[in-house]
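Protein chains: 2
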Amino acid sequence: MDTTVAKGMAVLEALARAKRPLRLAALTEQLGLQKSNVHRLLNTFMELGYVQQDPETSRYFASLKTWELGAGIISTNSLRRSVAPHLQAMQEKTRETVMLTVPVDDEVLFLDRAAQVRALRYLPLNGTRAPMVFTAAGRAILSRRPDPRDAVARSIAACPPEAGFVLSQVLEDLEKARRDGFASLVGGFTPWARVVAVALPGPGGAPAAAIAISGPEERMAGDHLAEVLDVLLATAAEIGEVSPA
Amino acid sequence: MDTTVAKGMAVLEALARAKRPLRLAALTEQLGLQKSNVHRLLNTFMELGYVQQDPETSRYFASLKTWELGAGIISTNSLRRSVAPHLQAMQEKTRETVMLTVPVDDEVLFLDRAAQVRALRYLPLNGTRAPMVFTAAGRAILSRRPDPRDAVARSIAACPPEAGFVLSQVLEDLEKARRDGFASLVGGFTPWARVVAVALPGPGGAPAAAIAISGPEERMAGDHLAEVLDVLLATAAEIGEVSPA
DNA sequence: ACAAGCCGTTTCGCTATGTGGAACAGCCTG
DNA sequence: CAGGCTGTTCCACATAGCGAAACGGCTTGT
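Those protein sequence lines, which keep their order, are chains A and B.
In terms of this note's numbering, the first sequence opens at residue -19 and continues consecutively.
In terms of this note's numbering, the second sequence opens at residue -19 and continues consecutively.
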């Protein structure tokens, strides 16, 4: 285990996660490392072009080169490539925002989306994560797992307490989702929206991804909701089995 | 300079650039490092979750965690955030594909785009680069620089020889672009398209970005082209000065 | 069938390399 | 003007990364 590399990636991660440039002191504290150590790491990253320093405030931030690194990966990601056209088609048919997510640990990772052109409210950005039970997509995935109990419990613990999820209730919801073939959630990660989602099976049959359709709660009802669900389930059937991650 | 970190990033970069999983031997050769060295670096990256290994072929590839790293950066990028709505508006008005690029070294980096829904042909993906003179966006930027000669020469050298760019001709083109207030290019990075672009000034007045509109050569002519140019120039004026990078 | 070669992996002694404490200089605050 | 913040530099020490070499599995070619 190259500890220097591990420390370096921790620094890069901290900078990437931060919304704004960070002070050296803040980094050292956050990472529990030595001041001179972090400073030297930052300098090597600057030499390599991954980090820049605001000349005025001498604060550090991750550069676009760090973004390029990841952009190359997603462009060749087979799951995203194969599902993207289906996302586009779903978006056009339903006129709602559609998303592709994958499970990572006890969270779902937003991989791709086709947004309604004039989306008024905040939507989860690609590359962000959310606790599985906090999203319809995550629930669709959990509902297809043989014994989700432990994962559900951990996931609930990761949700904000205000959500007020309780294990027994969530397990019931998952049971319903399993029967219905889709999950539906209001008041989760996007509180204003009703999101419906269905899991996509991987090679072994275990859920490897999920597609979801999100819209304002008022609109996602009645005939329109029925239509959205038709499109969702039909698309999932059309996609069939996907390659994981 | 932490050499271990530098080597590690070189490994990650190589994996990210590669379209498919790489063998250990390929990496060592490509990077000119020791086999055991690369192997240890890969193992630490696997422990950290940035790299995965195909269990069957034992080939290595960068994981989605590497993508997440960069995704966080672009989501907070102020240039992209401020220009994105204008891109969307331009796309709707012109029904063509519009792009935002920034200059990096002697290349342009594609930062964002709003694509025509049914784009038939290959388009440059976000996060990729192209030599400046090989794109209309790059030429728009160069045309606003006081003395672009050296950069142009280097950039021509980076283009495929088939493009047949010659220094004097390109400089003339830039001069015309400077007078017109926009650059136009056919047969560049997207050979089938005509792309028109205009530079966006940064705080100092120096060009810090460029917005471009791309469409099939047949369509980008006559009245439609005139309309596209109107939208392009009006949007650039509306955006005004941008914060760099 | 055998051998030759390439693959990824592991080991281990050496020393180059990263480490962290302390000292330095610049800046704002009280 | 003094005190406490910064970010930065320095340096002796020992740790942590290095690379040559050996290992064992798998494919290739004869």
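Every residue, glycine too, gets a C-beta built ideally from N, C-alpha and C.
(request) Flag residue 158/B as yes if its beta-carbon sits less than 8 Å from any beta-carbon of chain A, otherwise no. (result) Taking Cβ atoms only, chain A never reaches closer than 8 Å to residue 158/B, which makes this a no.
(request) Would you give the residue range spanned by the alpha helix (DSSP H) that residue 56/B belongs to? (result) Counting along the chain, the alpha helix (DSSP H) containing residue 56/B begins and ends at 44 to 56.
(request) Round the Cβ separation of residue 77/A and residue 195/A to the nearest angstrom and send it over; I've been treating them as touching at under 8 Å. (result) With a Cβ gap of about 7 Å, residue 77/A and residue 195/A count as contacting.
(message) Counting only beta-carbon separations shorter than 8 Å, does residue 112/A have a partner in chain B?
(response) No, no contact with chain B.
(request) Quick one: residues in its chain with C-beta nearer than 8 Å to the C-beta of residue -4/B, no 5 flanking neighbours on either side, listed in chain order? (result) Same-chain partners within the cutoff: 42 and 46.
(message) Here's the rule: buried if 16 or more other CB atoms are within 10 angstroms of the residue's CB, otherwise exposed. What is residue -19/A?
(response) Per the 10 Å Cβ criterion, exposed.
(request) Using a cut-off of 8 Å between C-beta atoms, extract the partners of residue 8/A located in chain B. (result) Residues of chain B whose Cβ lies closer than 8 Å to the Cβ of residue 8/A do not exist; the shortest such Cβ separation is about 16 Å.
(request) Give the DSSP-derived three-state secondary structure of residue 169/B in the structure shown. (result) Of the three classes helix, strand and coil, the one that applies to residue 169/B here is coil, per DSSP.
(request) Look at the alpha carbon of residue 145/B and the alpha carbon of residue 39/A, and state the distance between them as a whole number of angstroms. (result) Each residue's Cα considered, the two are about 42 Å apart.
(request) Answer yes or no: does any C-beta atom of chain A fall closer than 8 Å to that of residue -19/B? (result) Taking Cβ atoms only, chain A reaches closer than 8 Å to residue -19/B, which makes this a yes.
(request) Check residue 68/B in the structure and name its three-state DSSP category. (result) Looking at residue 68/B - three-state DSSP - the assignment turns out to be helix.
(request) Quick one: grab the DSSP three-state call for residue 108/A. (result) Note: residue 108/A maps to coil in three-state DSSP.
(message) Comparing C-alpha positions only, which one of 192/A, 183/A and 187/A sits nearest to residue 175/A?
(response) The alpha carbon of residue 175/A has as its nearest neighbour, out of 192/A, 183/A and 187/A, the alpha carbon of 192/A.
(message) Does the stretch 112 to 124 of chain A come into contact with the stretch 172 to 190 of chain A, if we say contact requires no fewer than three beta-carbon pairs (one atom in each stretch) closer than 8 Å?
(response) Between the stretch 112 to 124 of chain A and the stretch 172 to 190 of chain A, the count of Cβ pairs shorter than 8 Å is three or higher; the stretches touch.
(message) Please report the straight-line C-alpha distance between residue 96/A and residue 68/B, rounded to a whole angstrom.
(response) The alpha-carbon atoms of residue 96/A and residue 68/B are separated by roughly 11 Å.
(request) Report the residues of the stretch 77 to 98 of chain B with a CB closer than 8 Å to any CB of chain A, ordered along the chain. (result) So the list reads 82, 84, 89, 91 and 97, given in the order they occur along the chain.
(message) Less than 8 Å between the C-beta atoms of residue 129/B and residue 151/B, yes or no?
(response) Contact: yes.
(message) If the criterion is Cβ atoms closer than 8 Å, does the pair residue 123/A and residue 157/A meet it?
(response) Going by beta carbons, residue 123/A and residue 157/A fall inside the 8 Å limit.
(message) With DSSP as the reference, identify every bridge partner of residue 191/B, one or two as the case may be.
(response) Under the DSSP definition of a beta bridge, residue 191/B partners with 80/B and 178/B.
(message) Three or more C-beta pairs under 8 Å: does that hold for the stretch 215 to 225 of chain B against the stretch 47 to 64 of chain B?
(response) Segments in contact, yes.
(message) Within 10 Å of its beta-carbon, does residue 153/B have 16 or more other beta-carbons around it, so buried, or fewer, so exposed?
(response) The residue is buried, with at least 16 neighbouring Cβ atoms inside 10 Å.
(request) Could you name the residues of chain B that residue 67/A contacts, counting a contact when the two beta carbons are closer than 8 Å? (result) From the beta-carbon of residue 67/A, no residue of chain B is found nearer than 8 Å; the closest lies around 12 Å away.
(message) Among -15/A, 106/A and 70/A, whose alpha-carbon lies nearest the alpha-carbon of residue 26/B?
(response) Of the listed residues, the one whose Cα sits closest to residue 26/B is -15/A.
(request) Report yes or no: is there a C-beta of chain B within less than 8 Å of the C-beta of residue 172/A? (result) So, not an interface residue.
(request) Anything in the stretch 36 to 60 of chain B with a Cβ closer than 9 Å to a Cβ of chain A? List those residues in chain order, please. (result) For the stretch 36 to 60 of chain B, which is checked against every Cβ of chain A, the residues closer than 9 Å are 41, 42, 43, 44, 45, 46, 47, 48, 49, 50, 51, 52, 53, 54, 55, 56 and 57.
(request) Give a yes or no on whether the minimum CB-CB distance between residue -14/A and chain B is below 8 Å. (result) At least one C-beta of chain B is nearer than 8 Å to the C-beta of residue -14/A.
(request) Could you check what DSSP says for residue 89/A in three-state terms: helix, strand or coil? (result) Strand at residue 89/A.
(message) So, with DSSP's three-state summary, where would you put residue 94/A?
(response) Under the three-state reduction of DSSP, residue 94/A is assigned to strand.
(message) Taking the beta strand (DSSP E) that residue 31/B belongs to, which residues open and close that run?
(response) Annotation for residue 31/B: the continuous beta strand (DSSP E) segment containing it runs 31 to 33.
(message) What does the alpha-carbon distance come out to for the pair residue -13/A and residue 32/B?
(response) In a straight line, the C-alpha of residue -13/A is about 19 Å away from that of residue 32/B.
(request) Compare the C-alpha of residue 170/B against each of 148/B, 198/B, 114/B and 210/B and name the closest. (result) With distances taken between Cα atoms, residue 170/B lies closest to 114/B.
(request) Along the alpha helix (DSSP H) that carries residue 24/A, what are the first and last residues, could you check? (result) In the DSSP assignment, residue 24/A falls within the alpha helix (DSSP H) that extends over 15 to 28.
(request) Since I believe residue 138/B is in contact with residue 86/B (beta carbons under 8 Å), could you give me their beta-carbon distance rounded to a whole number of angstroms? (result) Separation of the CB atoms of residue 86/B and residue 138/B is rounded to 7 Å, and the pair is thereby assigned contact status at 8 Å.
(request) May I ask which residues mark the beginning and end of the alpha helix (DSSP H) holding residue -12/A? (result) Per DSSP, the continuous alpha helix (DSSP H) segment holding residue -12/A begins and ends at -17 to -3.
(request) Closer than 6 Å by C-beta to residue 83/B: which residues in its own chain qualify, once you throw out the five before and the five after it? Chain order, please. (result) Cβ within range, chain order: 121.
(request) Tell me, please, whether the CB atom of residue 27/A is closer than 8 Å to any CB atom in chain B? (result) Closer than 8 Å to the CB of residue 27/A there is at least one CB belonging to chain B.
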